[in-house]
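For the sequence shown, the residue numbers in my numbering are -7 to 255.
Virtual Cβ for every residue (Gly too), placed ideally from N, Cα, C.
Before any comments, here is the structure.
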Amino acid sequence: MDKTYLSRTLAPSAGLDWYRTALRATARQPFALASITFCYLFGMGLLSAVPYFGFVFSALFMPFGSVWIARSARAALEGRSPSYDSLMELMRDAAVRRELIRVGFVFGFVLITCNAVYGILSADAVSQWVVKDGRLDWSSVAAHIPYGAIAAAMLLYIPGLMATWFSPLLVSERRMTWGKSLFYSFFGCVRNILPILVLGIIIGTVTVGITFGTIWLIEALGLQGISLFILTPIAFILSTITYATYWPMFESLFSDVAPQSER
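Structure representation (C-alpha cells):
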C-alpha cells in the first residue's frame, strides 16, 4: 500500500499542539461547543440507560456524535458558528449514514464483548463484596478487586477503541467504507501512540489540577453551599476542550489521505 495514503507519524509534541488547538476552538465558540458537547454526552447517557439495548443504542449514536463534535470544532477554528443542523445533514447523507451505522455496530460489539468478559471473569471476586445497610462495604471491594477481569477487558477494549477512534471521520470526511476506516484508524493510533499518550497526560493533568484547585478554593472561601454551581460549568468546559481535540488530531494525522472518490 502506498504510504502516502496512510496516516502521518507525528512527534510526541503533537499532543500539546492538539490541546492548544482545542483551547483555541473552545475560546472562539465556548457556549456553542459546550452545548453541543453537553447534548452529545446527554444523548449517550440517555441511550445507555435504555434497558437491555442501551449499549447498542449508544454505540450506534457514537459515530454520528463524534463527527458532529469534530465538525463543530472545525467550524469554530474557521471562524464559523457550530450548528445543530450539521448533525441532521450528516444523517441525511445515505451513503455516510450506512457506513457510520456499521461502525456503530462494531463499537457496540466491542462494548458488549468487554462487558461480558469482565462479568464472567469478575464473578468470583464480586460475589465476595459485602453490602451493609444497603451500602457497599468498600473495604470488601478493596480486598477483592478483580484485577484479572479488568486487565482482560482492557486488552479487548483498547484495540477496539483504537479501531473506532478515527473511523467515523474517515467515513464522513474521507468517504471510506467502514472496514477500511477501522484499519486506517487502528494503525493511525499505533503509529502515533506517543503523541496520543502525551495528549492523555495533558488532559489528565489539567483536569485533575483544575478540579482539585477549584475544590481547595471552594473550601478556603467557604463556598461549599454553591460548589455545584461552580464545579458543573468547569466540568463542562474541561469536557468541551477534551472533545475539541478530536478534529485537530484527525486533521493532522490524515490530511494526506485523499477522499476515496478522488482517487
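For residue i, which beta-bridge partners are listed by DSSP?
i	result
R263	Beyond the ends of the chain as shown, which are -7 and 255, falls residue 263; an answer cannot be given.
Apart from the five residues on each side of it in sequence, which residues of its chain come closer than 7 Å, Cβ to Cβ, to residue i?
i	result
R183	S(-1), T1
G100	F47, V48, A51, L52
P181	First, the residue type needs correcting, since residue 181 is Cys and not Pro in the sequence shown. These residues qualify, in order along the chain: M154, W157, I188.
I202	I226, L230
Relative to the C-alpha of residue i, which residue among the options is closest?
i	options	result
L113	M146, D85, D77, I93	M146
L25	R66, A6, A41	R66
I226	T29, R127, T206	T206
L79	I195, T197, G35	G35
S27	W60, T13, F47	W60
Y11	P55, F246, I193	I193
A86	P4, T156, F56	F56
F53	L39, Y44, G214	L39
C31	S231, E243, G214	S231
S244	F175, I222, P187	P187
I137	L153, G126, V118, A155	V118
D9	P240, S247, F246	P240
F179	A141, F242, G217	F242
A141	G152, S5, D116	D116
A144	P4, Q216, G111	G111
G152	P74, F175, R167, R84	F175
T29	S75, L191, G196, A135	S75
G71	Y44, D77, A19, G37	A19
P4	I185, G196, I195	I185
S73	A135, I93, F23	F23
Let me know if residue i comes out buried or exposed under the rule of 16 or more other beta-carbons within 10 Å of its beta-carbon.
i	result
V122	exposed
I104	exposed
G7	buried
A212	exposed
Y139	exposed
L128	exposed
Y238	buried
Q21	buried
S50	buried
T224	exposed
P251	exposed
F204	exposed
A62	buried
E254	Because E254 carries a pLDDT of 47, less than 50, the predicted location of this residue cannot be relied on, and the following value inherits that uncertainty. Per the 10 Å Cβ criterion, exposed.
V166	Residue 166 is actually Arg in this sequence, not Val. By the neighbour-count rule (16 or more Cβ atoms within 10 Å), R166 is buried.
T220	Per the sequence presented here, residue 220 reads as Leu, with Thr not at that position. Its Cβ having fewer than 16 others within 10 Å, L220 is exposed.
Going along the chain, which residues of its own chain have a beta-carbon closer than 6 Å to the beta-carbon of residue i, five neighbours each way excluded?
i	result
K(-5)	Caution applies to K(-5), whose pLDDT of 45 falls short of 50 and renders its modelled position unreliable; the model cannot decide the point.
A17	A65, A68, L69, A236
S58	P160
V42	F49
Using 8 Å as the threshold, is the C-beta distance between residue i and residue j below it?
i	j	result
S173	L189	no
L82	S177	no
P233	A14	A small fix is needed here, since residue 233 is Ile in this sequence, not Pro. A contact, by the Cβ cut-off of 8 Å.
P160	V95	yes
V88	T156	no
F158	F246	yes
S132	Q120	yes
W170	E91	yes
Using a Cβ-Cβ cut-off of 8 Å (strictly less than) and excluding sequence neighbours within five positions of residue i, which residues of its own chain qualify?
i	result
L148	V102, T105, C106, V109
I222	T206, I210, L215
Is residue i close to chain C? Criterion is C-beta to C-beta, closer than 8 Å.
i	result
L209	The structure shown has no chain C; it contains just one protein chain.
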